[in-house]
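Colleague: Below is one structure. I have some questions about it.
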Amino acid sequence: MAKKMKYGIGVRTQYPADADMSVAFAEQMEQARVADALGYDILMKSSHLAGYPLQEFQQLPYLGRVMAEAPNMRLLTGVTLLSLHKPLDMAEQLASIDVMSGGRLTFGCGLGYREVEFKGFGTTQKDRVPRFEENLEAIKRLWTEDEVSMVGSHFELDKTRLSLKPLQKPMPPIWIGANADAAIVRAAKMADAWFINPHQRMDTIEKQIDVYKRALDEAGKPFPDEVPAAREVFVANSRDEAIRLAKPYLEAKYKIYHQWGQDKAMPEGDNDLDLAYEELLEDRFILGSPDEVAEQVIAHGNRLGVNVLILGFHWVGMPQSLVLENLTRFKEDVMPKVEQGL
Amino acid sequence: MTDIQFGLMTRGQFDADDDIRVRFTELMEQARTADKLGFASLTKGSHYSGYPLQDFQQIPYLSRVMAEAPNLRLNAGIVLLSLHKPQDTAEQFATMDVMSNGRIIFGAALGYREVEFKAFGTTQKERVQRFEENLVAIKRLWTEEKVSMVGSHFELMDASCPTKPLQDPHPPIWIGANADPAIRRAAKLGDCWYMNPHVRIDTIERQLDIYKSALEEYGKPFPTELPIRREVFVARTTEEAFRIAEPYLSIKYKVYHEWGQDKAMPDGDNDLGQAFAELQRDRFLIGSPDDVAEQVASLHKRTGANHIIASMQWPGMPQNQTLDSMHLLAEEVFPRVRQAI
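Those sequence lines, one after another, are chains D and L.
Each step along the first sequence adds one to the number in our numbering, with nothing skipped, and position 204 is 189.
Each step along the second sequence adds one to the number in our numbering, with nothing skipped, and position 206 is 214.
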């Protein structure tokens, strides 16, 4: 594998409906401090609105706050549901985060797929692709041009000048999260990287990497330096133990994804997240002993070319002690093995 | 005894060529200082496309600054509510209320700048309707488990805001209002009218009558907390205070005038382009500790305002002058005012 693997933690901050969110917040800040101290490179916060039956913290205020606890980590919006928003709003909020954090923002964005979100923002599933594309174009222009005039389908920039430019020049890295082939082509055209999603099997991704490469070729763009993927991970003494310990939390999380309709956004042949747990985790989640986990991490490098892994260590209902143990074990027992194996 | 509280307003607006990284470090220092000196709150406003000034956005800024100032209430003063979607705003502020341990104040107002309306796909004409329906939707999302509601620019269909604000039933809602109809709306929809920095105090006195009669009409009591924003600068002597503050403050009001802020202000007090000597009268709180204490006590007596949100830095003003003024305000003016009222 060409490049040294980098690691991030992906936090959903999702808790059950009856959880005390003040306690949850203190736990999340502790996770961020521990991850920063352990040397994880990136902290990702996802975004969902109207997430019933789960509680969670919202992405932009969360990233605004957590940067104070994790002074060394890059901050990744993973992903922003870009079709929902107005480009001027996103461009200014994200620029503020980039400046306040000393240039540590990576802008991850995706389409979104939930009806309750589209409706809440006065839009539809049907409009999501044109809105995504024009929003991203407008944000890039706002970040890099002094004055922007552009008429979109749901906004008009009239000699608009951003209140604050991002600190990173010309702009923060842009990663596009994509499940479907068409979205992967869009990622190749419009972004610095395709942010490979956590839901699909590795064999599906292997096929899609070809789609991505062809689209890069067509766009005349080189293969990117960073190839990021999100994955769920659990380290234990053995694969059986990892599967058993992770089960109550991981299984519940994917049931909710299925209820939300996440799998409708996934490609044929790998679009059922309602599988039995044992079948679901096959070739999809990274679970096992330190050796087994290291092996799977290396496989992500070798088979897919992935060199940035954003790891989900925490699913709804998992106790904090187990999350911290998982986070620490991965750093201490797995990372050195990967290093040796590369 | 009635008490009176003081808050620090951070515009966070800086000249276009300023090193914004340095200014950010300074703003964090101001917040720590305000927290230590016994200020009650920290306010951050919101504007988009604020050229020729640089500015941080409100939500990430308040989220970041809460880590520096563990005792200050955090006032979003104000959110340009007509621009946004209620689902987004309700959930973001609920997150901020939980993260800050229940310290959020939700300030809301209409906004008046064309460049903002257009960028958010709306118009000046729609702003009142959107403001009202957004506020209704946000309150419902904060207090109900599932909400169904069709607005003019959104549809909540069994929507939820699963993380509720920590403050029960929700954070205080302050409504910023310049024009008389907006003040009536503040009485109807808000927990209080957030009196604005731009009009003269005698204008506020007149508008308070409108506010009070609207409260009566809606069967609501006069609020226990009545906030007012003012431009404030304290120096050892009144001459020094004016000498230091005038150049910065007059530029800031030129920009307001260019933006058309005064078009939103009531007849008889809608010219922010006038000469400074005239502009500042009965409007800004500037002077020696004795002078400013007297002005604040008089403001309190005339209006009932008991939370003074002080803007203490304008574009171009150096950090040390701002901090000196903050110290004098807290150390010399707070006790004098508390004694006087």
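Even for Gly, the Cβ is constructed at its ideal location relative to N, Cα and C.
With 8 Å as the threshold, decide whether the Cβ of residue 186(L) is near any Cβ in chain D.
Modeller: Here residue 186(L) refers to the residue found at position 178 of the second sequence. No - not a single Cβ of chain D is within 8 Å of the one on residue 186(L).
Colleague: If we ignore side chains and look at the alpha-carbon of each, how far apart do residue 188(L) and residue 98(L) end up?
Modeller: Working through the second sequence from its first residue, we reach residue 188(L) at position 180. Working through the second sequence from its first residue, we reach residue 98(L) at position 90. Computed Cα separation, rounded: 27 Å.
Colleague: Starting from residue 23(L), follow the beta strand (DSSP E) in both directions and report where the run begins and ends.
Modeller: Translated into the one-based positions of the second sequence, residue 23(L) becomes position 15. 21 to 23 is the extent of the beta strand (DSSP E) around residue 23(L).
Colleague: From what residue to what residue does the alpha helix (DSSP H) around residue 109(L) run?
Modeller: As a first step, residue 109(L) must be located in the second sequence, where it is residue number 101. It is not in any alpha helix (DSSP H) - residue 109(L) carries neither H nor E in the DSSP assignment.
Colleague: Mind listing which residues of the stretch 18 to 34 of chain L have their C-beta closer than 8 Å to chain D's C-betas, in chain order?
Modeller: Those residues of the stretch 18 to 34 of chain L that come within reach of chain D (Cβ to Cβ, closer than 8 Å) are 28, 29 and 32.
Colleague: Along chain L, which residues have their Cβ under 7 Å away from the Cβ of residue 37(D)?
Modeller: Within the first sequence, numbered from 1, the residue matching residue 37(D) stands at position 52. Neighbours of residue 37(D) on chain L, chain order: 168 and 170.
Colleague: Looking only at its chain, what residues have a beta carbon closer than 6 Å to the beta carbon of residue 316(D), apart from the 5 residues adjacent to it on each side?
Modeller: Numbered from its first residue, the first sequence carries residue 316(D) at position 331. Taken in chain order, the residues that qualify are 23.
Colleague: Which residues, taken in chain order from the stretch 124 to 156 of chain L, show a beta carbon closer than 7 Å to some beta carbon of chain D?
Modeller: Answer set for the stretch 124 to 156 of chain L: 126, 127, 128 and 129.
Colleague: What residues in its chain sit with their C-beta under 6 Å from that of residue 215(L), if we drop five residues either side in the sequence?
Modeller: Mapped onto the second sequence, residue 215(L) falls at position 207. Same-chain partners within the cutoff: 191.
Colleague: Can you tell me which residues form a DSSP beta bridge with residue 17(L)?
Modeller: On the second sequence, position 9 is the one that residue 17(L) refers to. DSSP lists 51(L) and 319(L) as partners of residue 17(L).
Colleague: Just to confirm the assignment, what range does the alpha helix (DSSP H) spanning residue 232(D) have?
Modeller: Translated into positions along the first sequence, residue 232(D) becomes position 247. Start and end: 224 to 245.
Colleague: In this structure, does DSSP put residue 326(D) in helix, strand or coil?
Modeller: Walking along the first sequence from the start, residue 326(D) turns up at place 341. It is helical.
Colleague: Is residue 184(L) helix, strand or coil by DSSP?
Modeller: Within the second sequence, numbered from 1, the residue matching residue 184(L) stands at position 176. Residue 184(L) falls in the strand class under three-state DSSP.
Colleague: Say whether chain D places a C-beta atom closer than 8 Å to the C-beta of residue 302(L).
Modeller: As a position in the second sequence, residue 302(L) is number 294, starting the count at 1. Not closer than 8 Å to any Cβ of chain D, the Cβ of residue 302(L) fails to qualify, so no.
Colleague: Does the CB of residue 248(L) have a neighbour CB from chain D at under 8 Å?
Modeller: The sequence position of residue 248(L) within the second sequence is 240, counting from 1. No, residue 248(L) lies away from the interface with chain D (no Cβ there is under 8 Å from its Cβ).
Colleague: Can you give me the C-alpha to C-alpha distance between residue 72(L) and residue 53(D), rounded to a whole angstrom?
Modeller: Here the question's residue 72(L) lines up with position 64 in the second sequence. Here the question's residue 53(D) lines up with position 68 in the first sequence. Computed Cα separation, rounded: 7 Å.
Colleague: Who are residue 29(D)'s beta bridge partners in DSSP?
Modeller: By one-based count along the first sequence, residue 29(D) stands at place 44. The partner list for residue 29(D) (beta bridge, DSSP) reads -5(D) and 61(D).
Colleague: Applying the criterion that 16 or more other CB atoms from any shown protein chain within 10 Å of the CB defines a buried residue, is residue 156(L) buried or exposed?
Modeller: As a first step, residue 156(L) must be located in the second sequence, where it is residue number 148. That one is exposed.
Colleague: Could you tell me whether any Cβ in chain L is nearer than 8 Å to the Cβ of residue -13(D)?
Modeller: As a working note, residue -13(D) is residue 2 in the first sequence. Residue placement at residue -13(D) is flagged as unreliable, the pLDDT there being 48, under the threshold of 50; the coordinate-derived value follows with that caveat. Not an interface residue.
Colleague: Would you list, in sequence order, the uninterrupted alpha helix (DSSP H) runs of no fewer than 4 residues that lie entirely inside the stretch 128 to 180 of chain D?
Modeller: As far as the stretch 128 to 180 of chain D is concerned, its whole alpha helix (DSSP H) runs of at least 4 residues are 166 to 175.
Colleague: Indicate whether residue 297(D) and residue 231(D) have their beta-carbon atoms separated by less than 8 Å.
Modeller: For the purposes of this step, residue 297(D) is taken as the residue at position 312 of the first sequence. For the purposes of this step, residue 231(D) is taken as the residue at position 246 of the first sequence. Going by C-beta atoms, residue 297(D) is not nearer than 8 Å to residue 231(D).
Colleague: Looking only at its chain, what residues have a beta carbon closer than 7 Å to the beta carbon of residue 35(L), apart from the 5 residues adjacent to it on each side?
Modeller: For this step, residue 35(L) is matched to residue 27 along the second sequence. Result list for residue 35(L): 18 and 20, in chain order.
Colleague: Against chain D, with Cβ distances strictly below 8 Å, would residue 214(L) count as a contact?
Modeller: Along the second sequence, one-based indexing puts residue 214(L) at 206. Taking Cβ atoms only, chain D never reaches closer than 8 Å to residue 214(L), which makes this a no.
Colleague: Taking 8 Å as the cut-off, decide whether the C-beta atoms of residue 58(D) and residue 65(D) are in contact.
Modeller: In the first sequence, the residue the question calls residue 58(D) occupies position 73. In the first sequence, the residue the question calls residue 65(D) occupies position 80. The answer is no: Cβ separation not under 8 Å.
Colleague: Are there 16 or more other CB atoms within 10 angstroms of the CB of residue 337(L), so buried, or fewer, so exposed?
Modeller: Within the second sequence, numbered from 1, the residue matching residue 337(L) stands at position 329. Residue 337(L) should be labelled buried.
Colleague: Cutting at 7 Å between CB atoms, please list the residues of its own chain near residue 165(L), excluding the five before and the five after it.
Modeller: What you label residue 165(L) is simply residue 157 of the second sequence in a count that begins at 1. Closer than 7 Å at the Cβ level, and outside the excluded window around residue 165(L), lie 156.
Colleague: Can you name, in chain order, every residue of its own chain whose Cβ lies under 7 Å from the Cβ of residue 129(D), other than the five neighbours on each side?
Modeller: Along the first sequence, read from residue 1 onward, the residue named residue 129(D) stands at position 144. Taken in chain order, the residues that qualify are 155 and 156.
Colleague: Which residues, taken in chain order from the stretch 79 to 99 of chain D, show a beta carbon closer than 8 Å to some beta carbon of chain L?
Modeller: Within the stretch 79 to 99 of chain D, the qualifying residues are 80, 81, 82, 84, 85 and 87.
Colleague: Note down the Cα distance separating residue 106(L) from residue 175(L), rounded to an integer number of angstroms.
Modeller: Working through the second sequence from its first residue, we reach residue 106(L) at position 98. Working through the second sequence from its first residue, we reach residue 175(L) at position 167. The alpha-carbon atoms of residue 106(L) and residue 175(L) are separated by roughly 8 Å.
Colleague: Of all Cβ atoms in chain D, is any one closer than 8 Å to the Cβ of residue 288(L)?
Modeller: Walking along the second sequence from the start, residue 288(L) turns up at place 280. Taking Cβ atoms only, chain D never reaches closer than 8 Å to residue 288(L), which makes this a no.
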